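Counting from 195, one number per residue, gives the positions in the sequence shown under this note's numbering.
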Amino acid sequence: MFYTPRLRLRAITRADLPLFVAWMNDPEVHQYITTIWPLSIEDEEEWFTRQRQLPLEQRPLTFEVREGDGWRPIGNMALIHIAWRHRWAELAVAIGEKAYWGQGYGTEALQALVGIAFEILNLQRVQLEVYDFNRRAQRAYEKVGFRLEGRRRRAIYYRGAYHDSLMMAVLREEWTPPPWWREWPYPGAAVQGSPAP
Ligand SMILES: CC(C)(COP(=O)(O)OP(=O)(O)OC[C@H]1O[C@@H](n2cnc3c(N)ncnc32)[C@H](O)[C@@H]1OP(=O)(O)O)[C@@H](O)C(=O)NCCC(=O)NCCS
């Protein structure tokens with residue numbers, strides 16, 4: 195389990211799958227990601243089985259906000275590919291609960307996963323691709339230190355128009371740990387004054 199001041203990052207479980215299907219089938223969410231075709235729970239179960247074959251560090255994490263005495267899942271993220279020899283990873287993130295967009299949760303989750311990539315896994319670069327019309331995601335990535343490296347022109351076709359796909363990356367020395375990183379591994383507990391788990 196990993197913690198940020200407001201979030202908990204934990205392993206995905208089978209119980210998450212109905213929620214993931216609902217998120218991935220929401221057009222407002224999937225317009226920003228590669229999977230646009232409707233998914234069934236059976237599709238998601240197959241995906242879950244494939245994820246369980248991956249090395250642990252490449253398995254997705256569910257991130258959750260504290261709600262009452264418990265935790266509520268709002269999104270998931272992963273280092274979807276790790277090139278150990280070159281020491282880089284590719285990152286993917288989505289907050290499926292739209293009510294939580296634009297409140298800094300994405301940035302906070304990204305800070306945690308980028309920090310984990312650099313200071314736990316000893317990687318030296320984290321990269322991703324983002325559609326040119328996804329300004330919110332680009333801004334969240336910039337806040338974590340990602341820089342624009344390139345543009346795949348007209349790589350994306352969506353709703354009758356072509357769009358560019360932007361390549362962004364952050365190098366280890368370009369990442370400034372957020373203040374709460376010093377409280378690792380229980381920044382949430384320190385901030386909220388309660389036991390982390
Ligand atoms: C991308 C995502 C993870 C970002 O998380 P988030 O919690 O919504 O983002 P944050 O609140 O941390 O930061 C968003 C920033 O973008 C800004 N922003 C929002 N809409 C914007 C727009 N249309 N243009 C420019 N900036 C915008 C916000 O003001 C904020 O910046 P600020 O803190 O400087 O004000 C989340 O929105 C999400 O999952 N979206 C759907 C799926 C997706 O896009 N995944 C990424 C695919 S590459």
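Positions of the beta carbon are idealized from the N, C-alpha and C atoms, including for glycine. Given the structure is predicted, the values throughout are model-derived calculations rather than measurements.
Hey, how far is the Cα of residue i from the Cα of residue j?
i: Val-287; j: Pro-254; result: 9 Å
i: Glu-281; j: Val-320; result: The sequence given here has Arg at residue 281, not Glu. C-alpha separation (whole angstroms): 9 Å.
i: Tyr-356; j: Pro-221; result: 18 Å
i: Tyr-351; j: Ala-334; result: 23 Å
i: Met-188; j: Leu-233; result: It is not possible to answer for residue 188, since the shown part of the chain is limited to 195 through 391.
i: Phe-257; j: Ile-268; result: 6 Å
i: Trp-217; j: Gly-298; result: 19 Å
i: Pro-372; j: Leu-315; result: 18 Å
i: Trp-278; j: Glu-313; result: 14 Å
i: Thr-207; j: Thr-228; result: 22 Å
i: Thr-370; j: Glu-302; result: 13 Å
i: Asp-263; j: Leu-201; result: 13 Å
i: Ala-205; j: Ala-293; result: 23 Å
i: Phe-242; j: Gln-305; result: 25 Å
i: Glu-261; j: Leu-307; result: 22 Å
i: Arg-353; j: Ala-209; result: 33 Å
i: Tyr-197; j: Gln-252; result: 18 Å
i: Pro-199; j: Gln-245; result: 27 Å
Consult DSSP for residue i and reduce its assignment to one of helix, strand or coil.
i: Ile-235; result: helix
i: Leu-250; result: helix
i: Asp-263; result: coil
i: Thr-256; result: strand
i: Arg-348; result: strand
i: Met-195; result: coil
i: Asp-358; result: strand
i: Arg-200; result: coil
What residues in its chain sit with their C-beta under 6 Å from that of residue i, if we drop five residues either side in the sequence?
i: Ala-394; result: No statement about residue 394 is possible, as the shown extent of the chain runs from 195 to 391 and does not include it.
i: Glu-323; result: Ser-359 and Met-361
i: Glu-238; result: Leu-211, Phe-214 and Val-215
For residue i, I'd like the list of residues in its chain whose CB is within less than 7 Å of its CB, leaving aside the five on either flank, ordered along the chain.
i: Tyr-226; result: Tyr-325, Asn-328 and Ala-331
i: Pro-212; result: Ile-235
i: Ile-289; result: Ile-268, Gly-269, Trp-295, Tyr-299 and Gly-300
i: Gly-375; result: The residue asked about is misnamed: residue 375 is Trp in this sequence, not Gly. Gly-309, listed in sequence order.
i: Lys-337; result: Thr-301
i: Asn-219; result: Pro-232 and Leu-233
Among the residues of its own chain, which have a CB less than 8 Å from the CB of residue i, if the five just before and after it don't count?
i: Arg-348; result: Tyr-356, His-357 and Asp-358
Please specify which runs of the beta strand (DSSP E), each continuous and at least 3 residues long, are wholly inside the stretch 268-345, giving them in chain order.
282-289 and 319-325
Examine the Cβ distances between the stretch 361-370 and the stretch 335-346 and report whether three or more of them are shorter than 8 Å.
yes
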